[in-house]
Structure formats: structure tokens, C-alpha cells
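**Q**
Chains as they are written, first to last, in my numbering: chain A, 79 to 178; chain B, 664 to 1002.
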């Protein structure tokens, strides 16, 4: 039984056969729980939080990729040393020299 | 096997090495070319990645521009490589004329397989197979009219296609082309030895400040090409030792500890793992790299066209009982098979 159904029952008049004291006790018990409550802060700010987290992830991802230099520049020196070799593939050297 | 290749070459009527030699001469001329290269992982032939470059080559400079996306530009001027924030990089010395081709003849079997068509032009296909274990095969598609290799393929040991470079457009330039490099900087820093000249062991020792370690082992077919002087980004002195079998190359860099920024932390944390995931796309296009320590004060770094285990073996052979080599790390898992 959902909240709307319960609210409908409580809004209705008590049945003639119902015990008015018990009815009022039930109403007093249920009404505070069924009153429309203010949404939680988490719920109110969910879109802001989501946007903030996305921004944080994007910035940290960008920072990680920019600051973590996995390969040293020796790989470029090595690639360039093959430029005039018969086995060298010019685009291989080009890729090594221009990779971010 | 060799006899069969000889018969095939004879039937076709062309000497494969003459074609290769001609394509090498054609590659050295001033040109403006657009090239597309596609890379595959070994065992994943359906996952190819492509990149396009414009290569502007003249007698005095070289300029490379990536055509897909933005990237730093690079050029060579008066023997200096410029680019990547303007930091000058010494131009390595060229090997003696014809030395590498002679080595390639010794280490590779070449045969003219058939004719093929690239961009509507018929070309002769030359297949090069390594005689030694652990090498990569090549296939060149050479235009008979100009001698230019319109397509270059590289294969793994198991015969899988790993890399394919195709020339999309090419234009020969006048050697006095007006395409001058922008912002040419001055010569190398004073005190730096001439980068176009290989160093003798004594000169290298003087440059480095200590004796250059010698490798007592190299893979089959590979010979040492010499020692070159280099400068670390922070200014320290380093040398490069090179080896080649004619077509494949590998290098060992020797420098004092702290001369180069660390390749990766000893114990990679979560952030570094994430960073490596970001970098993983380009990792398979890079040659394997191995870093080692020689005693407490010297760093060695090896990289090139051979497997990581062979690089390890070369590095370990550079140690002595008093100065042992300790392998520190390797840049990526190695998918190649070792002999």
C-alpha cells in the first residue's frame, strides 16, 4: 500500500463501525509519517554534485595525462637515429617525434 | 629455402637488393610527402590505429607535422633537431654509406614476390625475411618508375602484419626550396662535442666522466654502430650505444643517476595505473624499453626493435662482478616471442 492510498484512507471519514478512539490513534500515528517532507540535501543538490564530480574527474584526468611522462625523451633520440637507415620507417620516426 | 628464393627471384627477373637500394636512394631526396601509418597489436589484427603525417625533407632540415589532431612540430636545422618546446637535440651521426645495406644483405633473405597496386600504381613487392631468430620481416612495395617504396609493411615473427605505412601523396622538391625552418636557434651549447661525429671510447669517457660500459653480448646478426654524445634535459651528459642488423635497431643509453626523469615509479600507485591506462593506446606502437642500474651511480636504458628479454640480456652483459647490472623496470609487457 503506497503513501497516496494511505493518505486517501486517512482523508476519508471513519466507518460507522470503526472505533473513533482507535481511528484517531491511527491517524495520529500515520499523519506525521505521511506528511510531505522536504527532500534531503543530497537529493536537492544531486545535479550540482554530479556536475562537480564530473568536472573533478575531467580535470584530474587531464592533469594525469599531462603530468605523467611515462617515456623519456631517449625514445625520440633512438627513433631519430634511424632516420637515414634502410630499415627505418619515416612515419615511425615521425610518430615518435610528434607524440604528445 | 634460399635456393627456392633464388629461383623465384631469377624467374621474376629483378634483383631484390637492387630494388631496395634504389628505394633507399629515392627516400633520401628532398620531398614533401603525406604518409599514413597503421599499427596493429600482435594477435589483434582487427584493431588497427592510423596516423597521418606530412614529412618535409630537405638537405638541411627535416620537418614533420602530424595531420590528425594537434601536436608539436619538429624540424632540423644545421645539424640540430628543434622542437618539443625548443629544446635542441643533437643530430645523430649517419652510419657509413652502404654499411647497413651490406648488413641487411647478410642478415635478411630478399625476394621479389609479385607485383601489386598501390593508389593505382603497379609496384614490385620485395619481401625481406630475417635469417636470425627474433627478427621482423618486411615487405616493400616499390614503384618501378621512381624507385619510391609506396608501401612498407612490417611483420611479427609469426608473420602477422604489425605496421603498414603508405605514401598518400609525394612531391619532389627543389633542394633550394624556400620552406625554411621557423625560428632557427643557435648552435649546440658550448662544450658539447660535434654530434655528427661518432665518439671513440676515450672521447666518450671524457664526455661522460666515467668509463663507458661495454656489452659482451648482442643478439645474432647485430653489430655495434658506435657511440654518440647526448645531453639530458637537465643538462647532464649521456651517451648512446647503437646496434643494428641492417634493418632493425636498438640503443642503450648510459647516463648518471638523476640525469633523466624517472620512467615510472618503482611501485606504481592507482593514479599511475590510471595514467598508464590513458597511455595504453599508444603503448603498443612503441618499442620495448628496459631500464637498469649499473652500480649505484649509473643508469642504463635500452630500447629498440628486439624483444624485452633480449634487451635485458644485452644490459646484463654490460655488468661486471664489481659493478653488477640490476634491471629496474620495463615500460610495458612484451607480446613478442623470444627464441
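Built from N, CA and C at the ideal position, the CB exists for glycine as well.
(1) At a CB-CB cut-off below 9 angstroms, which residues of chain B make contact with residue 130 of chain A?
(2) I want to see whether chain B comes within less than 7 angstroms of residue 141 of chain A, judged by CB atoms only; does it?
(3) On the DSSP bridge assignment, give the partners of residue 793 of chain B in chain order.
(4) Quick test of the definition: if touching needs 3 or more C-beta pairs under 8 angstroms, does the stretch 116-131 of chain A touch the stretch 879-886 of chain B?
(5) Just to make sure I have the definition right: I need the residues of chain B whose C-beta is within less than 7 angstroms of the C-beta of residue 156 of chain A. Which are they?
(6) For a test of the three-state rule: what should DSSP assign to residue 713 of chain B, helix, strand or coil?
(7) Tell me the rounded alpha-carbon separation between residue 970 of chain B and residue 913 of chain B.
(8) Between B/910, B/873, B/958 and B/703, which has its C-alpha nearest residue 772 of chain B's C-alpha?
(9) Hey, which unbroken runs of the alpha helix (DSSP H) at 4 residues or more fall wholly within the stretch 969-994 of chain B?
(10) For residue 112 of chain A, which of A/86, A/155, A/165 and A/153 has the nearest alpha-carbon?
(11) Are residue 831 of chain B and residue 699 of chain B touching if we call contact CB-CB under 7 angstroms?
(12) Would you kindly work out how many angstroms separate the C-alpha atoms of residue 776 of chain B and residue 758 of chain B, rounded to a whole number?
(13) What are the boundary residues of the alpha helix (DSSP H) that residue 686 of chain B is part of?
(14) Could you please give the first and the last residue of the uninterrupted alpha helix (DSSP H) stretch that includes residue 820 of chain B?
(15) Roughly how far, in whole angstroms, is the beta-carbon of residue 786 of chain B from the beta-carbon of residue 816 of chain B, given that I think they are within contact range, below 8 angstroms?
(16) Taking 7 angstroms as the limit between beta carbons, can you name the residues of its chain near residue 783 of chain B, skipping five residues before and five after?
(17) Do you know whose CA, among B/681, B/953 and B/983, lies nearest residue 764 of chain B's CA?
(18) For residue 834 of chain B, count neighbouring Cβ atoms within 10 angstroms of its own Cβ and tell me buried if that reaches 16, exposed if not.
(19) Mapping DSSP to helix, strand and coil, what is residue 778 of chain B?
(20) Beta-carbon of residue 943 of chain B versus every beta-carbon of chain A: anything under 7 angstroms?
(21) Spell out the partners DSSP gives residue 156 of chain A in its beta bridges.
(22) If you follow the beta strand (DSSP E) that residue 82 of chain A is in, where does it begin and where does it stop?
(23) With a CB to CB cut of under 8 angstroms and the five nearest residues on each side skipped, what residues in its chain are close to residue 1071 of chain B?
(24) Pop quiz: residue 727 of chain B and residue 696 of chain B are said to be a contact at Cβ under 8 angstroms. What is the actual Cβ separation, rounded to whole angstroms?
(25) Taking the C-alpha atoms as reference points, what is the distance between residue 900 of chain B and residue 920 of chain B?
(26) Can you find a C-beta in chain A that's less than 7 angstroms from the C-beta of residue 764 of chain B?
(27) Excluding five sequence neighbours on each side, which residues of the same chain lie with their C-beta closer than 8 angstroms to the C-beta of residue 895 of chain B?
(28) Thinking residue 836 of chain B and residue 959 of chain B are a contact (beta carbons under 8 angstroms), I'd like their distance in whole angstroms, please.
(29) Does the distance from the CB of residue 781 of chain B to the CB of residue 813 of chain B come in under 7 angstroms?
(30) DSSP on residue 960 of chain B, reduced to helix/strand/coil?
(31) Is any heavy atom of the ligand ADP found at a distance shorter than 6 angstroms from the C-beta of residue 809 of chain B?
(32) Just how far apart, CA to CA, sit residue 973 of chain B and residue 916 of chain B?
(33) Could you work out which residues of chain A lie near residue 907 of chain B, taking near to mean beta carbons separated by less than 9 angstroms?
(34) Report, in whole angstroms, the separation of the C-beta atoms of residue 888 of chain B and residue 870 of chain B, which I expect to be a contact under 8 angstroms.
(35) Counting only C-beta atoms, is residue 767 of chain B closer than 7 angstroms to chain A at any point?
**A** Reading it off the structure:
(1) Near residue 130 of chain A there are no residues of chain B at all, since even the closest Cβ is about 19 angstroms away, more than 9 angstroms.
(2) For residue 141 of chain A, not one C-beta of chain B is nearer than 7 angstroms to its own C-beta.
(3) Residue pairing of residue 793 of chain B in beta bridges, as defined by DSSP: B/771.
(4) Contact fails: fewer than three Cβ-Cβ distances are below 8 angstroms.
(5) Annotation: Cβ neighbours of residue 156 of chain A in chain B (cutoff 7 angstroms, chain order): 914, 966 and 967.
(6) DSSP places residue 713 of chain B in strand when its eight states are reduced to three.
(7) Roughly 10 angstroms separates the two Cα atoms.
(8) For the residues B/910, B/873, B/958 and B/703, the minimum Cα distance to residue 772 of chain B belongs to B/910.
(9) You should have 971-979.
(10) Nearest C-alpha to residue 112 of chain A: A/86.
(11) Judged by their CB atoms, residue 831 of chain B and residue 699 of chain B are nearer to each other than the 7 angstroms cut-off.
(12) In a straight line, the C-alpha of residue 776 of chain B is about 29 angstroms away from that of residue 758 of chain B.
(13) Run containing residue 686 of chain B: 679-690, per the alpha helix (DSSP H) assignment.
(14) Per DSSP, residue 820 of chain B is not a residue of any alpha helix (DSSP H), being assigned neither H nor E.
(15) Residue 786 of chain B to residue 816 of chain B, Cβ: 12 angstroms. No contact.
(16) Its chain contains no residue whose beta carbon lies nearer than 7 angstroms to that of residue 783 of chain B once the 5 sequence neighbours on both sides are disregarded.
(17) With distances taken between Cα atoms, residue 764 of chain B lies closest to B/681.
(18) Around the beta carbon of residue 834 of chain B, fewer than 16 other beta carbons lie within 10 angstroms, which makes this residue exposed.
(19) It is a strand residue.
(20) Note that residue 943 of chain B scores 49 on pLDDT, short of 50, meaning its location in the model is unreliable; the coordinates nonetheless yield the value given after this. No Cβ of chain A is located within less than 7 angstroms of the beta carbon of residue 943 of chain B.
(21) None, per the DSSP bridge assignment.
(22) Membership of residue 82 of chain A in any beta strand (DSSP E) is not indicated; the residue belongs instead to the alpha helix (DSSP H) covering 81-89.
(23) Lying before the first or after the last residue shown, residue 1071 of chain B is absent from chain B, which here runs from 664 to 1002.
(24) Actually they do not touch by this definition, with Cβ atoms about 10 angstroms apart.
(25) When rounded, the distance between both Cα atoms is 11 angstroms.
(26) Yes, because at least one Cβ of chain A sits closer than 7 angstroms to the Cβ of residue 764 of chain B.
(27) The beta carbon of residue 895 of chain B is closer than 8 angstroms to those of 901, 918, 922 and 923 in its chain, skipping five residues each way along the sequence.
(28) For a cut-off of 8 angstroms, the C-beta gap from residue 836 of chain B to residue 959 of chain B is around 51 angstroms, too long to register as a contact.
(29) Their beta carbons are under 7 angstroms apart, which means residue 781 of chain B touches residue 813 of chain B by this criterion.
(30) Coil, per DSSP.
(31) Among the ligands in the structure shown, none appear at all, so the ligand ADP cannot be discussed.
(32) Distance between the alpha carbons of residue 973 of chain B and residue 916 of chain B: 16 angstroms.
(33) Chain-order list of chain A residues neighbouring residue 907 of chain B: 160, 163 and 165, by C-beta distance under 9 angstroms.
(34) Rounded, the Cβ-Cβ distance is 17 angstroms, inconsistent with contact.
(35) Residue 767 of chain B counts as touching chain A.
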